[in-house]
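Trainee: Just so we're aligned, residue 19 is where the sequence shown starts under this note's numbering, counting upward by one. Note that CB positions come from ideal geometry on N, CA and C, so glycine has one too. Keep in mind the model is a prediction, meaning the values are calculated, not measured.
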Amino acid sequence: MGDINQKEMLEEIKDASPLEISRAEQKLLQEDEIDEDKLRDFCSIHLKAVEEEVEEMKDRLEKGHPIHTLISEHEEITEMLDELDDVIDSLKDGELTAKKKDKLNHIAEHLVESENHHEREEEALFPRMEKKGITGPTRIMKMDHEDMWPKKKKLLELSEELEKNEEEILELAEYLSFNLRDHIFKENNILYPSALDELENWDEIREDADEIGYCCFTPGEKRTEKGGS
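1. How about L79 and L129: are their beta carbons less than 9 Å apart?
2. Just to confirm my understanding: we take L114, look at its own chain, exclude 5 residues before and 5 after, and list those with CB closer than 6 Å. What are they?
3. Just checking, does the segment 87-96 make contact with the segment 146-159 on the three C-beta pairs under 8 Å criterion?
4. How long is the line joining the alpha carbons of E9 and E73, rounded to whole angstroms?
5. Under a Cβ-count criterion, where at least 16 other Cβ atoms within 10 Å of its own Cβ denotes burial, should K110 be classed as buried or exposed?
6. Assign E18 to one of two classes, buried (16 or more other C-beta atoms within 10 Å of its C-beta) or exposed (fewer than that).
7. Using a Cβ-Cβ cutoff of less than 8 Å, which residues in the same chain neighbour T96 once the five nearest sequence positions on both sides are dropped?
8. Would you kindly check if the distance between the Cβ of E178 and the Cβ of N123 is under 9 Å?
9. In terms of alpha-carbon separation, which member of D77, A213, D162 and K119 lies closest to M147?
10. Starting from S108, trace the alpha helix (DSSP H) both ways and give me its first and last residue.
11. Enumerate in chain order the residues of its own chain whose CB-to-CB distance from E69 is below 7 Å, with the five nearest sequence positions on each side excluded.
12. Return the chain-ordered ranges of every alpha helix (DSSP H) run that is complete within the segment 131-206 and spans a minimum of 4 residues.
13. Could you round the C-beta distance between A126 and A227 to whole angstroms and report it? I think they count as a contact, below 8 Å.
14. Specify, as a first and last residue, the run of the alpha helix (DSSP H) that Y232 falls within.
15. For T236, does the three-state DSSP call read helix, strand or coil?
16. Quick one: grab the DSSP three-state call for N123.
17. If you draw a straight line from the C-alpha of A191 to the C-alpha of M75, how long is it?
18. By the three-class DSSP mapping on this structure, what secondary structure does K81 have?
19. In or out: E139 buried (at least 16 other Cβ within 10 Å) or exposed?
20. Where does P84 land, buried or exposed, given buried means 16+ other C-beta within 10 angstroms?
21. Is the beta carbon of E131 sitting closer than 9 Å to the one on C234?
22. For E229, verify whether its CB is less than 8 Å away from any heavy atom of the ligand COA.
23. Is the separation between the beta-carbon of K118 and that of D103 shorter than 9 Å?
Structure (structure tokens):
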């Protein structure tokens, strides 16, 4: 497959559903017509053509539904990223106060904690989607998880001695802020709608998620001792 022409691709997929585009991604992978890096580019183009109303989707679900919980956690993570952007600006301006240093460490701790969110996706949600033949999107999300996990841990480690690591912290923080937002957008607008369209056994998924546990920042109705404080 040659270079992706964004204008032509947008025209081709503008009326397609998230599931149809997800299946197209999987077909490209199966036929070896696109490598994983180009598939990521395709996903980014996909995002421009998909304008799901995430809040409406969430509002249609009862509290405690696995997708409702995952979206709620995304909202919490997005707020953390907004705070991280504030720290980034202070780093660039050379105006990092003691309070913002503490905030950076707090954010880094919670980003590491968010791996519990990814664990629930990979163990409770993705296998059931893959049984339905939706393997392209889950593969991309796993790639994102694997890419960002060591960077989150590194940010936490470096934040303990911020003054010695400002340049590397700035690079990591900017990378995580951009790529986590992109990842969240893909899951909210592509992965979750596809799951809701195809899956029915949500009680079983919820039981598996409950067994894994939740994040310390998970909304109160689903927070458990297994998921943190």
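Mentor: Per the coordinate set shown:
1. Against a cut-off of 9 Å, the Cβ pair of L129 and L79 comes out as no contact.
2. Answer for L114: S108, listed in chain order.
3. Judged by Cβ distances under 8 Å, the segment 87-96 makes no contact with the segment 146-159, as fewer than three pairs qualify.
4. With the chain represented from 19 up to 247, any question about residue 9 goes unanswered, as that position is not in the structure.
5. K110 is exposed by the Cβ-count criterion.
6. This structure leaves residue 18 out entirely; the chain is present only between 19 and 247.
7. The answer, listed in chain order, is R199 and I202.
8. Yes, these two residues count as a Cβ contact at 9 Å.
9. Selected option, being the one with the closest Cα: A213.
10. Secondary structure note for S108: its alpha helix (DSSP H) is the uninterrupted segment P84 to D111.
11. With a pLDDT of only 49 at E69, under 50, the local geometry of the prediction cannot be trusted, and the value read off the model is given with reservation. For E69, where only same-chain residues beyond five positions count, there are no Cβ hits under 7 Å.
12. Segments of the alpha helix (DSSP H) lying fully in the segment 131-206: 133-138, 144-149, 154-177 and 184-204.
13. With 8 Å as the limit, A126 and A227 do not qualify as a contact, their Cβ atoms being about 25 Å apart.
14. If you look at Y232, you'll find it isn't in any alpha helix (DSSP H); DSSP assigns it neither H nor E.
15. T236: coil per DSSP, three-state reduction.
16. Of the three classes helix, strand and coil, the one that applies to N123 here is helix, per DSSP.
17. Put simply, the backbone Cα of A191 is about 30 Å away from that of M75.
18. Reduced to three states, the DSSP call for K81 is coil.
19. That one is buried.
20. Classification for P84: buried.
21. Taking 9 Å as the Cβ cut-off, E131 and C234 qualify as a contacting pair.
22. No copy of the ligand COA occurs in the structure displayed, which carries no ligand at all.
23. No, they are not a contact pair.
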